[in-house]
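Inspection log for the structure reproduced underneath, given as structure tokens.
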Amino acid sequence: MSRFRILVISFVTFSFMGGLVTPASAQIELEDELVMERPIPALNTIWIEEMTWIEIRDALAEGKRTAIVPTGGIEQNGPYVAMGKHNYVLEGMCERIARMLGDALCAPIIKLVPEGGINPPTGHMRYSGTLSVRQETFEAMLEDVGRSLHQHGFEWIVFIGDSGGNQTGMQNAANLLNEEWGTEKALFIPEFYDNAGVQLHMEETFGIFEESEGWHDNYWLSAMQAAVDPETVRYEERVQSGRASINGVSLVPLGRTIAVGEELMRWRTDQTVAAILTAMER
């Protein structure tokens with residue numbers, strides 16, 4: 002038998018056994034996969050990173066149309082509080098905002114943001130462990146995340162940030178995306194970062210007033226963190242060391258601090274959701 006005939010027989014046999022994948026057959030397989038039914042019940046979560054792609058596809062089909070993109074940071078926060086302070090607060094806040102909106106999911110928290118010059122170090126970069134990216138890197142990340150979510154079918158892309166240094170970048174990214182899409186569907190919500198409003202609500206509701214001790218830390222942020230995870234403010238270690246206070250306000254008892262944090266997050270959620278809905282109506 003000639004070598005040519007052997008090759009032809011082998012090719013036909015390989016094709017018959019389903020081993021040959023052509024571009025056309027691969028496309029058919031992909032199209033079938035993309036419409037497959039969800040084989041298990043969906044997880045009750047609003048975090049995109051915790052969902053399967055099928056759960057996200059079905060959520061979009063069932064009316065989820067808003068994607069929230071939260072931005073935090075990895076920065077020094079004094080001697081007691083974990084570097085991811087803003088990220089922990091956002092874990093609690095984005096969950097509440099998305100569930101109150103009803104049609105929203107949360108993208109993964111953008112944790113790498115501008116924190117100061119790298120070499121020579123400036124701002125928070127002077128403290129060990131701070132991670133900083135260039136402004137253009139941050140904005141490019143936001144733009145590509147927004148584009149990705151838009152491509153998948155989310156109608157509204159909402160940027161919120163828990164750190165002051167993130168605000169301009171989010172505004173710039175939203176402006177660029179709106180210009181690119183010819184719509185006003187990318188929303189930057191500055192009302193989320195209303196520190197003065199949060200502090201005033203705490204003072205009026207609980208009669209708690211702070212006097213700065215000079216750290217990049219305060220009671221109302223620690224209260225919100227404690228409501229998510231008390232370990233991030235080193236509650237037990239501070240109690241044992243006799244340092245369970247900040248700006249003249251005690252974190253003890255923990256239950257009270259958590260209650261304050263829960264109320265501040267509730268107030269902040271109400272303000273943010275109202276701002277988002279107003280922006281959508283413009």
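2 is the number of the first residue of the sequence shown in our numbering; add one for each residue after it.
All residues carry an ideal CB built from backbone N, CA and C; glycine is no exception.
Phe-139 is positioned such that its CB atom lies closer than 8 Å to that of Gly-170. Counting only runs that start and end inside the region 11 to 83, the beta strand (DSSP E) elements of at least 3 residues fall at 67 to 72.
The beta carbon of Ala-175 sits closer than 7 Å to the beta carbons of Phe-160, Ala-187, Leu-188, Phe-189 from its chain, once the five residues preceding and following it are set aside; these are given in chain order.
The alpha helix (DSSP H) runs of length 4 or more contained entirely in the region 126 to 171 are, from start to end of the chain, 136 to 153. With contacts defined as CB atoms closer than 8 Å, Ala-99 and Ile-55 fail to qualify as a contacting pair. Straight-line measurement puts the Cα of Ser-26 at about 50 Å from the Cα of Gly-166.
If only complete runs of 3 or more residues are kept, the region 199 to 224 shows no beta strand (DSSP E) anywhere.
Along the length of the region 238 to 283, whole alpha helix (DSSP H) runs at least 4 residues long occupy 255 to 282, reported in chain order. Around the beta carbon of Ala-105, a 10 Å sphere encloses 16 or more other beta carbons of the protein chains shown; the residue is thus reported as buried. At a Cβ-Cβ threshold of 8 Å, Val-234 and Gln-241 do not count as neighbours. For the pair Gln-272 and Asp-218, the CB atoms are not nearer than the 8 Å cut-off.
Non-local C-beta neighbours of Asp-59 in its own chain, meaning closer than 7 Å and more than five positions away in sequence, comprise Arg-39, Ala-43, ordered along the chain. The beta carbon of Gly-79 sits closer than 7 Å to the beta carbons of Trp-216, His-217, Asp-218 from its chain, once the five residues preceding and following it are set aside; these are given in chain order.
Per DSSP, reduced to three states, the secondary structure at Ala-187 is strand. Here Glu-205 is not near Asn-248, since their CB atoms are 8 Å or more apart. Here Ala-228 is buried. Its C-beta has 16 or more other C-beta atoms within 10 Å. Considering only Trp-268, Arg-283, Arg-97, Ser-164, the residue with the shortest C-alpha distance to Glu-185 is Arg-283.
Using a C-beta cut-off of 8 Å, the region 115 to 131 makes contact with the region 61 to 76, since at least three inter-stretch Cβ pairs fall below that distance.
Bounds of any alpha helix (DSSP H) do not take in Ala-108, whose DSSP letter is neither H nor E.
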